[in-house]
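Peer 1: Sequential numbering from 49 applies to the sequence shown in this note's numbering. Please find one structure pasted underneath; my questions will follow.
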Amino acid sequence: MNSFKYCYGPVGSWRLGVSLGIDPVSQPEKICTFDCTYCQLGTRAAQAARRQVYVSPADLGAELDLIKAPADYLTFSGRGEPTMASNLPELLLECGHRRPEKTAIITNASMMYSEKVREELASFDFVLAKLDAPDSGLFGSINRPGPGVYFEEVLRGLILFSKGRRGRLAIQTMVLAANKDQAKGLARLYADIGPDEVQLNTPLRPCAERPLPREELEAVAAAVSAELSRLGAGAIRIINVYGEKAPEVEPVSAPDTLLRRGKTRGGKEGGK
Numbered sequence: 049m050n051s052f053k054y055c056y057g058p059v060g061s062w063r064l065g066v067s068l069g070i071d072p073v074s075q076p077e078k079i080c081t082f083d084c085t086y087c088q089l090g091t092r093a094a095q096a097a098r099r100q101v102y103v104s105p106a107d108l109g110a111e112l113d114l115i116k117a118p119a120d121y122l123t124f125s126g127r128g129e130p131t132m133a134s135n136l137p138e139l140l141l142e143c144g145h146r147r148p149e150k151t152a153i154i155t156n157a158s159m160m161y162s163e164k165v166r167e168e169l170a171s172f173d174f175v176l177a178k179l180d181a182p183d184s185g186l187f188g189s190i191n192r193p194g195p196g197v198y199f200e201e202v203l204r205g206l207i208l209f210s211k212g213r214r215g216r217l218a219i220q221t222m223v224l225a226a227n228k229d230q231a232k233g234l235a236r237l238y239a240d241i242g243p244d245e246v247q248l249n250t251p252l253r254p255c256a257e258r259p260l261p262r263e264e265l266e267a268v269a270a271a272v273s274a275e276l277s278r279l280g281a282g283a284i285r286i287i288n289v290y291g292e293k294a295p296e297v298e299p300v301s302a303p304d305t306l307l308r309r310g311k312t313r314g315g316k317e318g319g320k
């Protein structure tokens with residue numbers, strides 16, 4: 049079996065179907081502007097929002113040539129925040145030269161304040177952006193951002209990106225004990241942003257946080273939906289991890305996939 053440094057999966061995703069992962073930072077330790085309390089990669093002090101090249105397009109392309117398994121999406125994610133890679137457009141272009149699938153990126157939105165980053169993200173078919181808190185206080189305690197990363201700039205970047213987007217946008221929220229009672233506040237921000245859908249998750253992979261049971265997460269989803277309807281934003285689709293089914297998929301390299309995604313608490317690889 050081949051070992052892969054930049055690609056992982058394909059995996060079954062409750063949000064993306066069959067997803068072939070692309071890791072544009074691919075370092076032994078996570079490279080991220082957040083140190084979220086629920087991160088399955090473990091804890092590490094969050095870094096400042098500085099970008100650099102981690103992976104060359106040629107090296108990524110060489111790995112992609114070895115993977116013949118089909119996918120619904122090529123998904124930029126992995127061991128950290130993908131927008132930390134300053135050559136994101138070149139990596140995306142390399143994917144387009146090698147594979148026919150649509151592209152997605154899972155981002156914590158910390159760099160969306162930058163017009164350059166927003167323009168780069170607009171080249172993806174599907175952007176899945178994080179928003180876990182309705183205010184700066186919870187943002188600080190849940191996401192534990194690095195130096196120079198501010199809640200107000202994250203929110204402003206999300207709103208600006210949504211207005212100018214060319215593809216689909218989802219807001220992903222990890223629902224925990226700390227924010228499960230914030231449905232109305234979060235819904236107001238969802239309405240301001242105006243995504244195509246909101247994806248409510250809870251930590252099913254081993255980490256320092258416990259997942260909410262199905263009934264609690266579904267109650268949060270119902271409260272969010274009701275508030276969005278009240279605000280005139282009822283067209284925004286709400287989905288949650290318990291209500292969607294991930295397809296069964298065999299990764300080309302299970303060890304390289306587990307390195308980036310972990311397993312669910314039940315022992316299976318966690319749905320992306």
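Glycine residues also receive a C-beta, built at the ideal position from the N, C-alpha and C atoms. Only a predicted model underlies this, so the values are computations on that prediction, with no experimental measurement involved.
Rounded to whole angstroms, what's the CA-CA distance from R236 to G126? Just pull it up for me.
Peer 2: Those two C-alpha atoms are separated by around 30 angstroms.
Peer 1: Identify every run of the beta strand (DSSP E) within the region 104-170, keeping only runs that are complete inside it and at least 3 residues long; order them along the chain.
Peer 2: Listed in chain order, the complete beta strand (DSSP E) runs (minimum 3 residues) inside the region 104-170 are 121-124 and 150-155.
Peer 1: Jot down the residue ranges of each uninterrupted alpha helix (DSSP H) in the region 213-270, minimum 4 residues, whole runs only, in chain order.
Peer 2: Counting only runs of 4 or more, we get 231-241.
Peer 1: If you follow the alpha helix (DSSP H) that F187 is part of, which residue opens it and which one closes it?
Peer 2: Start and end: S184 to N191.
Peer 1: Would you kindly check if the distance between the Cβ of A157 and the Cβ of A170 is under 7 angstroms?
Peer 2: Contact: no.
Peer 1: Looking at the structure shown, is Q75 part of a helix, part of a strand, or coil, going by DSSP?
Peer 2: Coil.
Peer 1: My assumption, with CB atoms under 8 angstroms, is that Y161 sits in contact with G233. Please give the rounded CB distance.
Peer 2: Their Cβ separation, rounded to whole angstroms, is 21 angstroms, which puts Y161 and G233 out of contact at 8 angstroms.
Peer 1: Flag this pair as touching only if the region 109-128 and the region 72-80 have three or more C-beta atom pairs under 8 angstroms; answer yes or no.
Peer 2: Contact between the region 109-128 and the region 72-80 is present, because at least three Cβ pairs lie under 8 angstroms.
Peer 1: So does the region 211-220 actually touch the region 111-120, counting three or more Cβ pairs closer than 8 angstroms?
Peer 2: These segments do not touch.
Peer 1: Do you know how far the Cα of R262 is from the Cα of Q247?
Peer 2: C-alpha separation (whole angstroms): 14 angstroms.
Peer 1: Where do the N-terminal and C-terminal ends of the beta strand (DSSP E) with V59 fall, by residue?
Peer 2: Counting along the chain, the beta strand (DSSP E) containing V59 begins and ends at C55 to S61.
Peer 1: Check each candidate in I284, F187 and N227 and name the one with the smallest Cα separation from D244.
Peer 2: Ranking I284, F187 and N227 by Cα distance to D244 puts I284 first.
Peer 1: Following the continuous beta strand (DSSP E) through A177, name the residue where it begins and the one where it ends.
Peer 2: F174 to K178 is the span of the beta strand (DSSP E), which, as asked, contains A177.
Peer 1: Please report the residue range of the beta strand (DSSP E) in which V289 lies.
Peer 2: Taken as a continuous stretch (DSSP letters only), V289 belongs to no beta strand (DSSP E), as it is neither H nor E.
Peer 1: Which value, in whole angstroms, describes the spacing of the CA atoms of V66 and R147?
Peer 2: The alpha-carbon atoms of V66 and R147 are separated by roughly 14 angstroms.
Peer 1: Count the C-beta pairs between the region 55-62 and the region 129-137 that are closer than 8 angstroms, then say yes if the count reaches three, no if not.
Peer 2: No, the region 55-62 is not in contact with the region 129-137.
Peer 1: Locate the beta strand (DSSP E) running through L68, then write down its first and last residues.
Peer 2: Taken as a continuous stretch (DSSP letters only), the beta strand (DSSP E) holding L68 covers G65 to I70.
Peer 1: How long is the line joining the alpha carbons of Y102 and G194, rounded to whole angstroms?
Peer 2: Spanning the two alpha carbons is a distance of roughly 19 angstroms.
Peer 1: Going by CA-CA distance only, name the one from L265, I241, L108 and P251 that's closest to L68.
Peer 2: The candidate whose alpha carbon is nearest that of L68 is L108.
Peer 1: Leaving out five residues on either side along the sequence, give the residues of the same chain with a beta carbon under 6 angstroms from the beta carbon of F199.
Peer 2: Closer than 6 angstroms at Cβ, skipping near neighbours: S184 and F187.
Peer 1: Just to confirm my understanding: we take L139, look at its own chain, exclude 5 residues before and 5 after, and list those with CB closer than 8 angstroms. What are they?
Peer 2: Only I70, P72, V103, P105, L108, F124 and A133 meet the Cβ criterion.
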